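When the count follows our numbering, it moves up by one through the sequence shown with no breaks and lands on 916 for the last residue.
Where is the CB? At the ideal position from N, CA and C, for every residue including glycine.
Computed from a predicted model, the values in this text were never measured in an experiment.
Below: the structure, in structure tokens.
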Amino acid sequence: MVRSMSSTVDHNHGMRPPRFVLASSSPRRAHILDQAGYRFESVSPEVDERPLPGESPASMVERVAAIKANAVADREAVVLGADTIVVLDGEILGKPADEEHAVETVLRLGGRSHVVLSGWAVLRGERLSSGIERTVVNMRPIDRASAVRYVASGEPLDKAGAYAIQGEGVELVAGYEGSLTNVMGLPMEALTPVLERFGVTPESP
Numbered sequence: 712m713v714r715s716m717s718s719t720v721d722h723n724h725g726m727r728p729p730r731f732v733l734a735s736s737s738p739r740r741a742h743i744l745d746q747a748g749y750r751f752e753s754v755s756p757e758v759d760e761r762p763l764p765g766e767s768p769a770s771m772v773e774r775v776a777a778i779k780a781n782a783v784a785d786r787e788a789v790v791l792g793a794d795t796i797v798v799l800d801g802e803i804l805g806k807p808a809d810e811e812h813a814v815e816t817v818l819r820l821g822g823r824s825h826v827v828l829s830g831w832a833v834l835r836g837e838r839l840s841s842g843i844e845r846t847v848v849n850m851r852p853i854d855r856a857s858a859v860r861y862v863a864s865g866e867p868l869d870k871a872g873a874y875a876i877q878g879e880g881v882e883l884v885a886g887y888e889g890s891l892t893n894v895m896g897l898p899m900e901a902l903t904p905v906l907e908r909f910g911v912t913p914e915s916p
């Protein structure tokens, strides 16, 4: 789902590309953009990421992504904000509080399917495009010993849902339906054409 609002005209056609800012301190999002060939700077936004009363997970991630982009908005730059959550049975699974919480989260996910939702927002001045990407992830059955061993690696302790599909956590995953980069934090299949419309493209190798 993509929403676009525009009240400005792009005057940069034929000129040098605009500055590109990632409104995130996430090393995973930065790595995705870097691997895709984008040149950008990262700025960490200070925002309240808690859901509003009665707010759906999908509405929350799109709203928070836009808030992040607005928090570091610069009229001369294209700003990308994103928010990614893991949802199981309608419950948002955040980052684990400690190792035991991480183990319990991994065990809850084991042998079941969950949804990864990413909201994204691309902003320049008054021009905004935003949307939501959904990926279904199917997990292998997981016993406690395997969960404890994975958590002991330290990898899941700062991850929503307590696993990282781009790391050792891939061993817990049976398969997925949708965008892999969405599970990692940035749905590039959706974002690449949007960024291009804002004048931001990868550099040539």
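A Cβ-Cβ distance of about 6 angstroms is found for the pair L804 and T816, placing them in contact under the 8 angstroms criterion. Between the beta-carbon of A734 and that of K779 there is about 4 angstroms, and that keeps the pair under the 8 angstroms contact cut.
When only Cα atoms are considered, L883 and I853 end up about 7 angstroms apart. With a minimum length of 3 residues, the unbroken runs of beta strand (DSSP E) contained wholly in the segment 818-851 fall at 824-835, 838-850. In the three-state scheme derived from DSSP, where H, G and I count as helix and E and B as strand, R908 is classed as helix. Cβ atoms of A782 and D794 stay farther apart than 8 angstroms, at about 12 angstroms. Assignment of V790 by DSSP, reduced to helix, strand and coil, places it in the strand class.
Cα atoms of P762 and M771: separation of roughly 6 angstroms, rounded to the nearest angstrom. Counting along the chain, R761 sits inside no alpha helix (DSSP H), nor does DSSP assign it H or E at all.
Taken through DSSP and simplified to helix, strand or coil, G880 comes out as helix. Around the beta carbon of R750, fewer than 16 other beta carbons lie within 10 angstroms, which makes this residue exposed. In this structure, P729 keeps its C-beta atom at 8 angstroms or more from the C-beta atom of V905. The Cβ-Cβ distance between V847 and L828 does not fall below 8 angstroms.
In this structure, the straight-line span from the alpha carbon of E802 to that of V754 is close to 29 angstroms.
Beta bridge pairing from DSSP links S737 with no other residue.
Counting only residues of its own chain and dropping the five nearest sequence neighbours on each side, A871 has a CB closer than 7 angstroms to the CB of T795, I796, V797, L804, G805, K806. Under DSSP, V797 forms a beta bridge with L804, V827. Straight-line spacing of the CA atoms in G822 and F909 works out to 41 angstroms. When only Cα atoms are considered, H742 and V789 end up about 18 angstroms apart. The shortest CA-to-CA distance from A856 to any of N849, L818, N893 is the one to L818. Secondary structure at R855: helix, using DSSP grouped into helix, strand and coil.
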